[in-house]
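*Asks:* Here it is, the structure, as structure tokens.
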Amino acid sequence: NNHITIHEMPVKPNYKVKPDQEIHIIIPQPEKSVLEPENIPMNILYEDNDLAVIHKPAGMVVHPGAGNTTHTLVNALLYHFKGLSSIGGVERPGIVHRLDKDTDGLMVIAKNDTAHNVLTKAFQTRNIIKKYVAIVTGKPSTPTDTINKAIDRHPKYGHKMTVRHDGKEAITHYTLQEVWHTQQGVFSRLKLQIFTGRTHQIRVHLSSIGLPIVGDKLYSKKWEKYNVPFMLLASTYLEFDHPITGKRLQFSIDLPQHMNDFIKKLNTIAFEHIQVE
Numbered sequence: 002n003n004h005i006t007i008h009e010m011p012v013k014p015n016y017k018v019k020p021d022q023e024i025h026i027i028i029p030q031p032e033k034s035v036l037e038p039e040n041i042p043m044n045i046l047y048e049d050n051d052l053a054v055i056h057k058p059a060g061m062v063v064h065p066g067a068g069n070t071t072h073t074l075v076n077a078l079l080y081h082f083k084g085l086s087s088i089g090g091v092e093r094p095g096i097v098h099r100l101d102k103d104t105d106g107l108m109v110i111a112k113n114d115t116a117h118n119v120l121t122k123a124f125q126t127r128n129i130i131k132k133y134v135a136i137v138t139g140k141p142s143t144p145t146d147t148i149n150k151a152i153d154r155h156p157k158y159g160h161k162m163t164v165r166h167d168g169k170e171a172i173t174h175y176t177l178q179e180v181w182h183t184q185q186g187v188f189s190r191l192k193l194q195i196f197t198g199r200t201h202q203i204r205v206h207l208s209s210i211g212l213p214i215v216g217d218k219l220y221s222k223k224w225e226k227y228n229v230p231f232m233l234l235a236s237t238y239l240e241f242d243h244p245i246t247g248k249r250l251q252f253s254i255d256l257p258q259h260m261n262d263f264i265k266k267l268n269t270i271a272f273e274h275i276q277v278e
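Quick note: to get this note's numbering, add 1 to the position in the sequence shown (first position is 1).
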């Protein structure tokens with residue numbers, strides 16, 4: 002495309018640069034993305050003039066990005082809601098926090114900038130309670146514990162996060178609920194609460210203590226073995242103060258079908274099933 006030239010001559014990608022050659026690079030302006038509302042079904046648990054609480058299904062990307070410009074949660078929000086906060090920019094209207102693509106669960110959406118700012122501060126001050134359920138391979142050494150390990154980008158694989166001593170503070174608390182012993186191995190059901198919101202936090206923390214989430218394509222080496230459509234992680238509980246009225250709001254949902262199906266399978270094949278909580 003002639004965007005890279007050496008001495009005003011276009012070069013191919015395999016060209017080997019020589020000493021003292023002058024390289025010119027033309028960086029094209031990024032195309033402005035125009036987000037279109039899409040009539041995507043949405044489970045809205047609560048809505049008023051300031052916010053909405055929705056149930057994002059596993060498999061849906063929250064906002065547009067590289068490789069995902071349509072069929073995102075934002076496209077659905079633009080269709081279902083007349084007003085959304087603008088603080089996140091044109092690509093993230095209403096988005097206060099995120100869930101990974103393959104994570105099922107609850108999200109709070111801001112419908113104006115005032116609500117957005119208050120909710121953002123509530124996340125920062127840890128006044129919002131977020132609880133999850135995960136099915137992992139293995140069994141924790143203790144029935145309840147807090148994982149306090151800093152997290153940051155992987156130095157070699159930029160799409161992954163990893164535990165790093167020089168990373169950002171990340172705190173995850175877990176409680177063991179059930180254990181299944183099967184011929185395929187040991188599986189555990191964990192209830193989790195996060196006190197920080199780092200990218201891939203639960204996934205990285207559980208993998209770091211030898212308990213990768215079943216179906217996690219990034220942090221479980223055997224994710225293909227169990228034939229699940231999405232990783233077995235769901236955000237099932239959300240509690241926070243209404244950003245305008247101050248009223249404490251609480252929301253909970255059941256586990257998604259793909260997690261219930263796997264639990265039913267474990268109940269069938271387990272030769273020992275222990276209910277801890």
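Every residue gets a Cβ at the ideal spot worked out from N, C-alpha and C, and that includes glycine.
#1: Between which two residues does the alpha helix (DSSP H) harbouring residue 204 extend?
#2: Which residues bound the beta strand (DSSP E) around residue 56?
#3: Going straight from the alpha carbon of residue 172 to that of residue 15, what length do you get?
#4: Could you please give me the residues that DSSP links to residue 91 through a beta bridge?
#5: So the candidates are 52, 161, 83 and 270; which of them puts its Cα closest to the Cα of residue 115?
#6: Measuring only between beta-carbons, confirm whether residue 11 sits less than 8 angstroms from chain C.
#7: My understanding is that residue 39 touches residue 76, with C-beta atoms under 8 angstroms, so please give their C-beta distance in whole angstroms.
#8: Quick one: is residue 10 buried, meaning 16 or more other Cβ sit within 10 Å of its Cβ, or exposed?
#9: Name the residue from 134, 66, 71 and 250 whose alpha carbon lies nearest to the alpha carbon of residue 278.
#10: Just the C-alpha distance for residue 250 and residue 218, rounded to the nearest angstrom, thanks.
#11: Taking the alpha-carbon positions, what's the residue 223 to residue 13 distance?
#12: Beta strand (DSSP E) containing residue 276: first to last residue?
#13: For the candidate residues 93, 215, 241 and 99, whose alpha-carbon lies nearest to that of residue 230?
#14: Per DSSP, what kind of secondary structure is residue 146 in: helix, strand or coil?
#15: Take the Cβ of residue 199 as the centre, count every other Cβ of all protein chains shown within 10 Å, and call the residue buried at 16 or more, exposed below.
#16: Could you tell me if residue 186 is buried or exposed, where buried requires 16 or more neighbouring beta carbons within 10 angstroms of its beta carbon?
#17: Look at the alpha carbon of residue 63 and the alpha carbon of residue 145, and state the distance between them as a whole number of angstroms.
#18: Could you tell me which residues DSSP puts in a beta bridge with residue 189?
#19: Kindly examine the ligand SAM and report whether one of its heavy atoms sits closer than 7 angstroms to the Cβ of residue 266.
#20: Is residue 262 helix, strand or coil by DSSP?
#21: Thinking just about the alpha-carbon of each residue, which of 182, 83 and 61 is nearest to the one in residue 105?
#22: My output table needs one value for residue 197: the three-state DSSP class, helix, strand or coil.
#23: Excluding sequence positions up to five away, which residues of its chain have a Cβ less than 6 angstroms from the Cβ of residue 175?
#24: Distance, Cα to Cα, residue 180 vs residue 44?
#25: Using a Cβ-Cβ cut-off of 7 angstroms (strictly less than) and excluding sequence neighbours within five positions of residue 27, which residues of its own chain qualify?
#26: Residue 163 by DSSP, collapsed to three states: which one?
#27: Just curious, the beta strand (DSSP E) that residue 25 is in, first and last residue?
#28: In its own chain, which residues sit with a C-beta less than 6 angstroms from the C-beta of residue 245, not counting the 5 before and 5 after it?
#29: Which class does residue 114 belong to by DSSP, given the choice of helix, strand or coil?
*Replies:* Judging by the given coordinates:
#1: Here residue 204 refers to the residue found at position 203 when the sequence shown is read from its first residue. The continuous alpha helix (DSSP H) containing residue 204 extends over residues 202 to 209.
#2: Locating residue 56 in the sequence shown gives position 55, counting from the first residue. Counting along the chain, the beta strand (DSSP E) containing residue 56 begins and ends at 52 to 57.
#3: Within the sequence shown, the letter at position 171 stands for residue 172. Within the sequence shown, the letter at position 14 stands for residue 15. Each residue's alpha carbon lies about 46 angstroms from the other.
#4: Position 90 of the sequence shown, counted from the first residue, corresponds to residue 91. Beta-bridge pairing by DSSP links residue 91 to no other residue.
#5: Working through the sequence shown from its first residue, we reach residue 115 at position 114. For residue 115, the nearest C-alpha among the options comes from 52.
#6: Of the protein chains in the structure, only one exists, and it is not chain C.
#7: By 1-based counting over the sequence shown, the position of residue 39 is 38. By 1-based counting over the sequence shown, the position of residue 76 is 75. With a beta-carbon spacing of about 4 angstroms, residue 39 and residue 76 fall inside the 8 angstroms limit used to define contacts.
#8: For the purposes of this step, residue 10 is taken as the residue at position 9 of the sequence shown. Exposure of residue 10 is indicated by the presence of fewer than 16 other C-beta atoms within 10 angstroms of its C-beta.
#9: Here residue 278 corresponds to residue number 277 of the sequence shown, with the count starting at 1. Minimum Cα distance to residue 278 is reached at 134.
#10: Taking the sequence shown and counting its residues from 1, one reaches residue 250 at position 249. Taking the sequence shown and counting its residues from 1, one reaches residue 218 at position 217. If I take the Cα positions, the gap works out to 34 angstroms.
#11: Numbered from 1 along the sequence shown, position 222 holds the residue referred to as residue 223. Numbered from 1 along the sequence shown, position 12 holds the residue referred to as residue 13. Here the alpha carbon of residue 223 sits roughly 40 angstroms from the alpha carbon of residue 13.
#12: If you number the sequence shown from 1, residue 276 lands on position 275. Residues 273 to 276.
#13: Reading the sequence shown from its first residue, position 229 is the one you call residue 230. Closest option to residue 230, Cα to Cα, is 215.
#14: In the sequence shown, the residue the question calls residue 146 occupies position 145. For residue 146, the secondary structure class from DSSP, reduced to helix, strand or coil, is strand.
#15: In the sequence shown, counting from the first residue as 1, residue 199 sits at position 198. Flag for residue 199 reads buried.
#16: Locating residue 186 in the sequence shown gives position 185, counting from the first residue. By the 10 Å Cβ count, residue 186 comes out exposed.
#17: Counting from one through the sequence shown, the residue named residue 63 turns up at place 62. Counting from one through the sequence shown, the residue named residue 145 turns up at place 144. C-alpha separation (whole angstroms): 31 angstroms.
#18: Walking along the sequence shown from the start, residue 189 turns up at place 188. For residue 189, which the question treats as bridged, DSSP gives the partners 137 and 180.
#19: Looking for the ligand SAM in the displayed structure turns up nothing, as the structure carries no ligands at all.
#20: Taking the first residue of the sequence shown as 1, we reach residue 262 at position 261. Helix at residue 262.
#21: Against the sequence shown, residue 105 aligns to sequence position 104. By alpha-carbon distance to residue 105, the top candidate from 182, 83 and 61 is 61.
#22: As a working note, residue 197 is residue 196 in the sequence shown. In this structure, residue 197 counts as coil in the three-state DSSP scheme.
#23: As a working note, residue 175 is residue 174 in the sequence shown. Taking C-beta separations shorter than 6 angstroms and ignoring five residues to either side along the sequence, the partners of residue 175 in its chain run 191 and 193, following chain order.
#24: Stepping through the sequence shown from its first residue, residue 180 is reached at position 179. Stepping through the sequence shown from its first residue, residue 44 is reached at position 43. Using only the alpha carbons, I get a separation of about 31 angstroms.
#25: Within the sequence shown, numbered from 1, the residue matching residue 27 stands at position 26. The answer, listed in chain order, is 4.
#26: Residue mapping note: residue 163 aligns to position 162 of the sequence shown, counting from 1. In the displayed model, residue 163 falls within a strand according to three-state DSSP.
#27: The sequence position of residue 25 within the sequence shown is 24, counting from 1. In the DSSP assignment, residue 25 falls within the unbroken beta strand (DSSP E) covering 24 to 26.
#28: Walking along the sequence shown from the start, residue 245 turns up at place 244. So the qualifying residues of the chain are 51.
#29: As a first step, residue 114 is located in the sequence shown; it is residue number 113 there, counting from the start. The answer is helix: DSSP assigns residue 114 an H, G or I state.
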